Amino acid sequence: MKRIPYFPGCAMKDQARDYERAAQAALAALGCELVELPRWNCCGTVYSLANDDLMRHVGPVRNLIRVQDMGEDRVLTLCAMCYGTLRRSARFVAADPERLSRINAFMSDEHDYRGGVEVLHLLGLLRDVVGYENLASKVVRPLTGVRAAPYYGCTLVRPREVGVDNPDQPEVFERVLSALGAEVAEFPYKVECCGAYLTVGAPAIVAGRVRDIVASAAANGADLIVTSCPLCQFNLEARRPGIGPRLPVAYLGQLLAWALGADACLPPEAEALIQGTTPAAAGAQQR
Amino acid sequence: MADGLRLSREALAAPFVGKVEELSGQNLSACYQCGKCAAGCLFTEHMDALPNQVLRRVQLGDESVLAASAPWACASCLACAVRCPKGVDVARVMEALRLLALRRGLPHLDPRATAGVPQIALVGAYRKLTP
Amino acid sequence: MLTVYIMGKGYRVPEGLTIMKAMEYAGYRLVRGCGCRGGYCGACATVYRLPGDYRLYADLACQTTVQDGMYIAQLPSTPAERADYQLSQVAPRGEALLALYPELARCVACNTCTRSCPQKLEVMDAVQAALRGDIRQVAELTFDCVQCGLCAMRCPAEIAHYHVWQLARRLCGAYLTPRAQHLARRVAEVESGAFDAELDRLMGMGKDELAKAYQARDIEP
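Protein chains in written order, with the numbering used here: chain V, 15 to 301; chain B, 186 to 316; chain W, 787 to 1007.
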């Protein structure tokens, strides 16, 4: 078993707990054990884009200190937003020792952060540590016939220097879904924003975004949208219009767990779709 | 563009311009108004000025841009930032404008109108839309 | 004798007094900001500074001994907003805390609350647990909260911590903690009259006889 330090983030303990359970089961099947940080705090979800807002980096850096205190130099996230904030803050302090020393001085109750913790996302782990071919060889319930639209959203791919892949034409999500036996539905909205936190004060804006994203995925033949962001998931479900195509939304970890034969904790709509589509599942049902 | 905008040496050198440059860390004069940010922005239908127009108004020292709807329709998705041929991170300019407005006490998010959304949305909204 | 500064005015007071006793020695008559005097009620929140130290320390006046040169100010009450709710109408689900106190989402993990807690609670961890909807964990981490309000006074995110903790403990007590079965059984016994004769006998006793019975009672080990 490969032990990998793991930062869950709030959503994994709440609305996205099925994603966490499925991902843990799936990674166990791949020989990786997620070791949750003994203490952690909210990453902040959005990265501060202002130059005078050092306080916004305290939360992310505090988590990096927890990783350092474990004697580790990398940490895995399942959530796309946690990935963005933690990875950007890690880069921010690495690039500027002056800012790092101010943050360290402020956090007098922690060990100093020395830098050097690498923040990984599940997709990057599957590509770089597990490997596509190795992943494909572990699949026991291929998602054959399932046409899945990989929805990256924003923080997995932007900004360029932080993204898990190319910001305009990423392929890691597609490669992973292919390795799981799914058919990939390419669609032009895969890296377009769902409206994110505008969902709180301006749900109508988000509804418009979601309408376009879902329509585009459906028009390109998708049966299912796959995401790794709990905020995208919430918006795609809660803000979708009453009319038009209704595609089920599943987390990356859930498809991974299904294909690897682990407990997938899929939402009912997605599970029904996969059950009804994949030959292995159909065969299992006939028996 | 605001009606009756007056160009003057004073406006161009106004502290407002410097403050936005300082907060955003962006060189505003680099923008040559190609409009690529606006072309790729998914939220322009909710903006009363396009992202490049907002940038232009800041360049010219037009402080009334603080009342524009654009920074509040921006979701910080960074599509503009990765596409700008001049390397201007327009999302950081939007953030600077939000902060200047919020720090002047202009409230944006009604903290009690937050029911039914998960913490991942609330945390983001509070950080972007409250002082 | 040592010198302390109370609300900006210097006084000579004996060593070894608590801040509260030193204030009374100096002539203050405490009608607010003073309660149990035993560190339980949380009424005597106090902020102080020591000479040569930039920090503002927070503590309870009845639990903290004065030091020479101490600058002291009391914060008898914290006017933080308490959400309006009926416990019977609140379901003990994770989102309950955030729904009534959405400002929890403003936490920047600065840990100032933890540093200002006289009870030495892990206050920030409790905020984080509240944010992720773990009511039980919040109740456990804040069991010893005395609601002095110092965390809320120092919080840059303007969270009303102690009100959230109270809600979490109430939800935990009302819904998440298993009912004590033996208590329910005993209440039923009392209501069925199983002890009526015994009680009548006690009620009929004279004072001396009652005192004797009291002395001779069974005491649980």
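Think of the CB as a built atom: it goes at the ideal place given N, C-alpha and C, for glycine as much as any other residue. Predicted model, so just to flag it, every value in this text is computed and none were measured.
Grab the span of the alpha helix (DSSP H) containing residue i for me, first residue to last.
i      : result
V/V240 : Not the alpha helix (DSSP H): V/V240 falls in the beta strand (DSSP E), residues L238 to T241.
B/A247 : Residue identity check: residue 247 of chain B is Asp in the sequence provided, not Ala. Note, B/D247: premise wrong, no alpha helix (DSSP H); not H, not E.
B/Y311 : Q304 to L314
W/K795 : First-last for W/K795: K795 to V799, but that is the beta strand (DSSP E), not the alpha helix (DSSP H).
V/V81  : V72 to D83
V/I288 : P282 to T291
W/I945 : That residue, W/I945, is in no alpha helix (DSSP H); it is neither H nor E in DSSP.
V/V117 : Note on identity: in this sequence residue 117 of chain V is Ile, with Val being the wrong assignment. P111 to F120 is the span of the alpha helix (DSSP H), which, as asked, contains V/I117.
V/L302 : Since the displayed chain V opens at 15 and closes at 301, residue 302 of chain V lies outside it and no answer follows.
B/L287 : V275 to R288
Under the rule that 16 or more other beta-carbon atoms within 10 Å means buried, what is residue i, buried or exposed?
i       : result
W/K795  : exposed
W/P1007 : exposed
V/D110  : exposed
W/E867  : exposed
B/S261  : buried
V/F21   : buried
B/M279  : buried
V/K16   : exposed
V/E34   : buried
W/E995  : exposed
W/S902  : buried
W/R973  : A small correction: the amino acid at residue 973 of chain W is Val; Arg does not occupy that position in the sequence shown. So W/V973 counts as exposed.
B/R191  : exposed
W/L873  : exposed
B/S214  : exposed
B/D295  : exposed
B/L240  : buried
B/Q238  : buried
Identify the continuous beta strand (DSSP E) that holds residue i and give its terminal residues.
i      : result
W/I858 : M856 to Q860
V/I219 : Careful: V/I219 lies outside any beta strand (DSSP E), inside the alpha helix (DSSP H) at P217 to A233.
W/D994 : That residue, W/D994, is in no beta strand (DSSP E); its alpha helix (DSSP H) goes K993 to Q1001.
V/E132 : E132 to H135
W/V790 : L788 to I792
With DSSP as the reference, identify every bridge partner of residue i, one or two as the case may be.
i      : result
V/C46  : V/K16
V/V198 : V/A162
V/R88  : V/E132
W/V833 : W/A844 and W/A859
V/A264 : V/V240
W/T804 : W/T851
Is there a Cβ from chain B that is less than 7 angstroms from the Cβ of residue i?
i      : result
V/A163 : no
V/L212 : yes
V/A25  : yes
V/A150 : no
V/I117 : no
V/L136 : no
V/A109 : no
V/R46  : Going by the sequence as given, residue 46 of chain V is Cys instead of Arg. No, no contact with chain B.
Do we get a CB-CB distance below 7 angstroms when we pair residue i with the residues of chain W?
i      : result
B/L294 : no
B/Q218 : no
V/V72  : yes
B/L287 : no
B/M186 : Low local confidence applies: a pLDDT of 48 at B/M186 is under 50, so the model's placement there is unreliable, with the coordinate-based value given in what follows. So no, B/M186 is outside the interface.
V/M15  : no
B/V308 : yes
V/D142 : no
B/T229 : no
V/S123 : Going by the sequence as given, residue 123 of chain V is Asp instead of Ser. So yes, V/D123 belongs to the interface.
V/D28  : yes
V/M69  : yes
Could you check whether the Cβ of residue i sits closer than 7 angstroms to any Cβ belonging to chain V?
i      : result
W/Q905 : no
B/L235 : no
B/E280 : yes
W/Q914 : yes
B/V250 : no
W/G821 : no
B/L240 : no
B/K313 : yes
B/Q304 : yes
Select from the stretch 232-266 of chain V all residues with a C-beta closer than 9 angstroms to any C-beta belonging to chain B, and list them in chain order.
-> C243, P244, L245, F248, N249 and A252
Select from the stretch 862-896 of chain W all residues with a C-beta closer than 7 angstroms to any C-beta belonging to chain V, and list them in chain order.
-> G880, C893, V894, A895 and C896
Just by C-beta distance, which residues in the stretch 917-950 of chain W are closer than 9 angstroms to chain V?
-> L917, R918, G919, D920 and P942
In chain order, what residues of the stretch 205-217 of chain B put their CB closer than 9 angstroms to some CB of chain W?
-> none
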